[in-house]
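Inspection log for the structure reproduced underneath, given as structure tokens.
Number of protein chains: 2
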Amino acid sequence: MPSATKDRILDTTAELFRRQGYTGTGMKQIAAEASAPFGSVYHFFPGGKEELGAEVIRGSGRMYMQLFAAVITESDDVLNAVHGFFAGAGETLRETDYADACPIATVALEVASTNETLRLATADVFEEWIAGATQYFAYAGIPRPRARELALAMLSLLEGAFIFSRALRTTEPMAVAGSAAVEAVAGALREVESDPGPAA
Amino acid sequence: MPSATKDRILDTTAELFRRQGYTGTGMKQIAAEASAPFGSVYHFFPGGKEELGAEVIRGSGRMYMQLFAAVITESDDVLNAVHGFFAGAGETLRETDYADACPIATVALEVASTNETLRLATADVFEEWIAGATQYFAYAGIPRPRARELALAMLSLLEGAFIFSRALRTTEPMAVAGSAAVEAVAGALREVESDPGPAA
Numbered sequence: 159m160p161s162a163t164k165d166r167i168l169d170t171t172a173e174l175f176r177r178q179g180y181t182g183t184g185m186k187q188i189a190a191e192a193s194a195p196f197g198s199v200y201h202f203f204p205g206g207k208e209e210l211g212a213e214v215i216r217g218s219g220r221m222y223m224q225l226f227a228a229v230i231t232e233s234d235d236v237l238n239a240v241h242g243f244f245a246g247a248g249e250t251l252r253e254t255d256y257a258d259a260c261p262i263a264t265v266a267l268e269v270a271s272t273n274e275t276l277r278l279a280t281a282d283v284f285e286e287w288i289a290g291a292t293q294y295f296a297y298a299g300i301p302r303p304r305a306r307e308l309a310l311a312m313l314s315l316l317e318g319a320f321i322f323s324r325a326l327r328t329t330e331p332m333a334v335a336g337s338a339a340v341e342a343v344a345g346a347l348r349e350v351e352s353d354p355g356p357a358a
Numbered sequence: 159m160p161s162a163t164k165d166r167i168l169d170t171t172a173e174l175f176r177r178q179g180y181t182g183t184g185m186k187q188i189a190a191e192a193s194a195p196f197g198s199v200y201h202f203f204p205g206g207k208e209e210l211g212a213e214v215i216r217g218s219g220r221m222y223m224q225l226f227a228a229v230i231t232e233s234d235d236v237l238n239a240v241h242g243f244f245a246g247a248g249e250t251l252r253e254t255d256y257a258d259a260c261p262i263a264t265v266a267l268e269v270a271s272t273n274e275t276l277r278l279a280t281a282d283v284f285e286e287w288i289a290g291a292t293q294y295f296a297y298a299g300i301p302r303p304r305a306r307e308l309a310l311a312m313l314s315l316l317e318g319a320f321i322f323s324r325a326l327r328t329t330e331p332m333a334v335a336g337s338a339a340v341e342a343v344a345g346a347l348r349e350v351e352s353d354p355g356p357a358a
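Order-wise, the sequence lines are chains Y and P. With positions in the first sequence counted from 1, the corresponding number in our numbering is that position plus 158. With positions in the second sequence counted from 1, the corresponding number in our numbering is that position plus 158.
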């Protein structure tokens, strides 16, 4: 069977997870919306919904990392990059009528206490995001422990704002979260400037 | 039928929502875990799972407001109150093996694009939280538009940190979110001190 079918199954599942979560998404709906024979879903994912779910979580995690990397590449400094990332999230919310938000958050909350395999998949993705953002802030001159705190705070602001923006159907929470993240990073950069540490 | 049964149904449903979300929670499981006759669930909630869900969302929202109010009453200043609120969230995560987090977040993400009645219930609760926190920060002297931004940022940090703490099974994200919220509020209070505005 062509791997285009497998890709279609993965993309469709990711979209269904974003809109309705893991529990609410059935294998029959996945096959139907991916225009794939029901048997082909199990052909590509013999472990069923759990195996497919884990692959979608990891794939979505990588895709999000690439999105962040693209924003960084386009931005001339770290504050613009952080602002651009939140602005992009707000645009996506508006363009998709508040449906397509983080592909992992809903699933992460659903599985945290109910499915250890999938919880570990979400944990791996989140650790990669945190490590990537920590690396980026450290590269901008922020000491590593502080850079990790900033990464965690920025990502918490982002995920929390997705919840509020989707429930309230307004981008206000995302815009405010973006400003708060920019302020936090600006504060850390000022600390570095005023006390560049032993290496300076 | 005694209203103790109704209360047991509501409490059980709230706990099941926190652990496994709305979609994954069935009326039969609710009746069984609440030790209530199946028929009594429909007696108290003729509208079925949706009506029960809406009442649980609104009740949990009020309970959370009372928790925040209790922390405020115990705290001698606004920074201690914000710190205490996040510290309490971290303790709850640890004590419940990372299961009992926000009773509304999982449901809010599940229903945002799939059930308008329940989305509106989550939106009402979130607006009450935002209004309550805005009022509290305004009372501490922070101008109202800035107070609302702080409220939104603090609540986004809290909800995002629940996602990361539950997925990673560590309170680190909640502790970091708490520090970031305290820093943000402290920054706003410094702004007020340095420029008390026309009323001073």
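For each residue, glycine too, the CB sits at the ideal point set by N, CA and C. Quick caveat, the model's predicted, so the values are computed rather than measured.
In this structure, P:Leu316 keeps its C-beta atom at 8 Å or more from the C-beta atom of Y:Pro331. Within the model, the alpha-carbon separation for Y:Lys186 versus Y:Ser314 is close to 34 Å. The way I'd put it, the region 232–244 of chain Y doesn't touch the region 286–304 of chain P; fewer than three beta-carbon pairs between them come closer than 8 Å. Pairing Y:Ala212 with Y:Lys164, the inter-Cα distance amounts to about 14 Å. Sequence-distant partners of P:Ser193 (beyond 5 residues in either direction) whose C-beta falls short of 8 Å from its own C-beta, in its chain, are Arg166. At the C-beta level, Y:Ala263 and Y:Ile215 stay beyond 8 Å of one another. Residue nearest to Y:Leu308 within the set P:Ala162, P:Ser337, P:Glu285 and P:Ala346 is P:Ser337 (criterion: CA-CA distance).
Taking a contact to require three or more Cβ pairs closer than 8 Å, the region 167–182 of chain P and the region 247–262 of chain P qualify as touching.
Three or more beta-carbon pairs separated by less than 8 Å link the region 334–350 of chain P to the region 341–351 of chain Y, which places the two stretches in contact. At a Cβ-Cβ threshold of 8 Å, Y:Arg277 and P:Ala325 count as neighbours. Only residues of its own chain outside the window of five on either side were considered, and among them Ile215, Arg216, Gly219 and Ile262 have a CB closer than 7 Å to the CB of P:Val283, listed in chain order.
Proximity to Y:Val199 across Y:Asp234, Y:Ala162, Y:Asn273 and Y:Tyr222 peaks at Y:Ala162, based on C-alpha coordinates.
Its chain contains Met185, Lys186 and Ala189 as the residues whose beta carbon lies nearer than 8 Å to that of Y:Phe196, once the 5 sequence neighbours on both sides are disregarded; these appear in chain order.
Taking C-alpha positions only, P:Pro301 is separated from P:Asp353 by approximately 11 Å.
The beta carbon of Y:Ala270 sits closer than 8 Å to some beta carbon of chain P.
Residues of chain Y whose Cβ lies closer than 7 Å to the Cβ of P:Ile321 are, in chain order, Ala263, Ala266, Leu267 and Glu317. For Y:Leu174, no chain P residue has a Cβ inside 7 Å of its Cβ, as the nearest lies near 11 Å away. For Y:Val229 against Y:Gly299, the beta-carbon gap comes to about 19 Å, at or over 8 Å, which does not count as contact. Bounds of the alpha helix (DSSP H) holding Y:Asp169 are Ser161 to Gln178. Judged by their CB atoms, Y:Thr275 and P:Gly182 are not nearer to each other than the 8 Å cut-off.
In this model, Y:Tyr297 and P:Phe202 are separated by some 58 Å (Cα to Cα). By the rule that beta-carbons nearer than 8 Å mark a contact, Y:Val334 touches chain P.
P:Pro331 belongs to the set of residues whose beta carbon lies under 8 Å from a beta carbon in chain Y. As the crow flies, the alpha-carbon of Y:Tyr222 is around 43 Å from that of P:Pro204. Runs of the alpha helix (DSSP H) lying entirely within the region 205–293 of chain Y and spanning at least 4 residues, in chain order: 206–232, 236–253 and 263–269. Chain-order list of chain P residues neighbouring Y:Gln178: Thr181, Glu268, Ser271 and Thr272, by C-beta distance under 8 Å.
Here DSSP, grouped into helix, strand and coil, assigns Y:Pro303 to helix. Distance from the CA of Y:Phe320 to the CA of P:Ala172, rounded to the nearest whole angstrom, comes to 22 Å. Against chain P, the CB of Y:Glu307 has a partner CB under 8 Å away; the residue lies at that interface. Looking only at P:Pro303, P:Thr272 and P:Trp287, the smallest Cα-Cα distance to P:Gln224 is reached by P:Trp287.
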